[in-house]
């Protein structure tokens, strides 16, 4: 915890004063100068912190609050996930020299997604029908789902798709025939 | 004096199951010591450095079940550096070489390697049960070895471990012939698993009573699993997200109605609140509900759910339930014995989720309350005094005010009187954690009244050595004392050195203890290991005895210094 070290640079220095001298107990006083000292902690606390130091910024004390790291980490992850909200997946196209990454959350539905892919890889998606898959193009958009299976893009509702999609692959040519085409 | 043949005495000892009692029995006389040690099957070792595996094996050749704890408790809060110790490896190696027929291993705060797990899985043909709590150092490869090689595995329980997930197929490593599973908990694993393998495993485990899933297991798989295992007693749900109008969800609602043995419910690691109504039918029978990992549920959702849980005995919940929600708990859950309220946002003091009011309501409504862990933003003496009047059965009382030195906001006084009232009226109190603004006075009360206290955690409290001395002198049953950031120093540390032989361990960090005092203690008490943990680069240990130590951990031991300490630990 970087901030903690900021508060306690002195703690890592060696002091040779006698116990009880203000220099030596400097470290302890520092540590007791906690966040939020300025307001409601009352007279007693103020007495303890008679030492110097400007009130530290809202720093996080190491190991406080006493919550297991496992629990802290899992709450943090959920927070970051909620906040960043990005749903980046890799997109590969057969024949392309490198892959791309797109954020699925940015699109509102399949049409927008296809437009973005078409722009990115310079191809055209065929016309989708439930019976026949994509007609009219040698490029077929596919995705890998949570089970590891390769599926045709467009069969399931958009929400379900973005939750299930782990990566995208634009299949071309004869391989494309296997998916959804008679 | 032994009027009975050994076999009869041994038979009598069979009825004595608690570790404490068996330990006492073994001290009565040589004969009883001998009979006891040959018949002992379960051994609990609270500090893995207090004894060596070799001595354990020599004394208890009939050992079947071993519990080991490694790192000190404050390791949970990142106060103990990585690689401090607590390695499982030497234990497994020694046990594997011996003729011990190990069947059960329970570990807490230990460093467990994949190699250890593999050796474990191959060395004990009757191995049945592995429980790992807050451990680290292993990957799903190690878990796979256990699954693959333990032919009679009944229990695989992974609780809150840091596991590197290789996204391997550990679940598929359970052979088709494995049908003995009673308990499977993999909620802490983060990676994908083979859902089809999971379904088949559950289908061929007729004795399965406890199943806790991780967050990648979706709702439709849950529905299929419950179809296969309606006899479950304990269920941990992974992902609980679906469209309430979907066919899968309708099926789930139907199958849940059949699961009338479920008494314990946890998880909801991913959750859509609109789906919670499907759970209501099983709420009636629940005795344990753990929603502390379900931040997707808001206060209203929690309150609605809790209203159905009349038989609840243990509740773990996030503070977004709010004081009002706790009021609902208080009026609904009359059988409540244990309550844990965790902060949903540990670093944001903005949203005052629960305060002293919630706690007072609980204390008034739940007469059987005996165990509390409560994270809140503020507490008053008046509230604590009221709680102490309402509740006199506390065994565990842990209060954590998020601002560590916060006074009573109404009176601006320290919380000494409040905690004093708690210890005065709860004579059976075994475990206590303090927080808030506290002076030496609270320790006077603790020393005076907390006669059964075994574990005490102190942070940012006290004024002088007197505080620590009150505790050491008054709490005769004290076993574990952990202190951080308090003005306790050499005088307190050295006053009664013999006391530490009656305790398991003492932790002091960021206090006012000098290197010299620690050296003195280590010299006078050879039965203690005194460890100095120092992480700053410039320190050389040969330096001045007047230096304040950053972290000191001492514990009683029968086997002297350990040999596996890292560079930054000095054993005095």
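Chains as they are written, first to last, in the working numbering: chain A, 165 to 346; chain B, 73 to 644. Beta carbons are placed, not taken as given, at the ideal position from N, Cα and C, and that holds for glycine.
At a cut-off of 9 Å between beta-carbon atoms, residue 234 of chain A makes contact with chain B.
In terms of CA proximity to residue 309 of chain B, B:260 leads the group B:269, B:319 and B:260. If you check the CB distance, residue 289 of chain A and residue 296 of chain A do not come in under 9 Å. Taking a beta-carbon distance threshold of 9 Å, residue 84 of chain B does not count as an interface residue toward chain A.
If one requires a minimum length of 4 residues, no alpha helix (DSSP H) run lies completely within the region 224 to 259 of chain B.
In chain order, 512 and 515 place their CB closer than 6 Å to the CB of residue 539 of chain B, counting only its own chain and leaving out the 5 sequence neighbours on each side. Beta-bridge pairing by DSSP links residue 442 of chain B to no other residue. Judged by their CB atoms, residue 433 of chain B and residue 446 of chain B are not nearer to each other than the 9 Å cut-off. Under the 10 Å beta carbon count, residue 532 of chain B is surrounded by 16 or more other beta carbons and is classified as buried. By the beta-carbon neighbour count (other beta carbons within 10 angstroms, threshold 16), residue 119 of chain B is buried.
The alpha-carbon separation between residue 251 of chain B and residue 305 of chain B amounts to approximately 18 Å.
For the beta strand (DSSP E) assignment, the uninterrupted runs of no fewer than 3 residues enclosed by the region 281 to 335 of chain B are, from N- to C-terminal side, 282 to 284 and 306 to 312. DSSP, read as helix, strand or coil, puts residue 182 of chain B in coil. For residue 225 of chain A, at least one C-beta of chain B is nearer than 9 Å to its own C-beta. Scanning B:123, B:125, B:90 and B:121 for the CA closest to the CA of residue 108 of chain B turns up B:90.
Proximity of chain A to residue 472 of chain B at the Cβ level (cut-off 7 Å) is accounted for by 229 and 230, in chain order. Within the same chain, Cβ atoms closer than 6 Å to the Cβ of residue 623 of chain B are found at 581 and 605, the five residues on either side in sequence being excluded.
In this structure the region 452 to 467 of chain B touches the region 495 to 508 of chain B; the number of beta carbon pairs closer than 8 Å is three or more.
Residue 579 of chain B is bridged by DSSP to B:554 and B:625. Not a single C-beta of chain B is nearer than 9 Å to the C-beta of residue 268 of chain A.
For residue 129 of chain B, no pairing in a beta bridge is given by DSSP. Contacts with chain B at 9 Å (Cβ-Cβ) include residue 310 of chain A.
Taking a cut-off of 8 Å for Cβ pairs, the region 185 to 196 of chain B and the region 137 to 157 of chain B do not touch, as fewer than three such pairs fall below it.
When beta bridges are read from the DSSP output, residue 141 of chain B appears opposite B:180. Residue 206 of chain B counts as buried, since at least 16 other C-beta atoms from the protein chains shown sit within 10 angstroms of its C-beta. Within 10 angstroms of the beta-carbon of residue 449 of chain B lie 16 or more other beta-carbons, which makes it buried. Residues 360 and 410 of the same chain have their beta carbon placed closer than 6 Å to that of residue 386 of chain B, with the five preceding and five following residues left out of the count.
DSSP, reduced to helix, strand and coil, places residue 337 of chain B within a strand of the structure shown. Counting along the chain, residue 597 of chain B sits inside no beta strand (DSSP E), nor does DSSP assign it H or E at all. Between residue 137 of chain B and residue 176 of chain B, the beta carbon gap of about 4 Å places them in contact (Cβ cut-off 8 Å). Residues are counted here when their Cβ sits less than 9 Å from a Cβ of chain A; for the region 148 to 168 of chain B these are 148, 149, 150 and 151, given in chain order. At a cut-off of 9 Å between beta-carbon atoms, residue 239 of chain A makes contact with chain B. Contact of residue 365 of chain B with chain A by beta-carbon distance below 7 Å involves 238. Within chain A, the residues 239 have their CB atoms less than 8 Å from the CB of residue 416 of chain B, given in chain order.
Any Cβ of chain A closer than 9 Å to the Cβ of residue 313 of chain B would place that residue at the interface, and such an atom is present.
For residue 299 of chain A, no Cβ of chain B is located within less than 9 Å of the residue's own Cβ.
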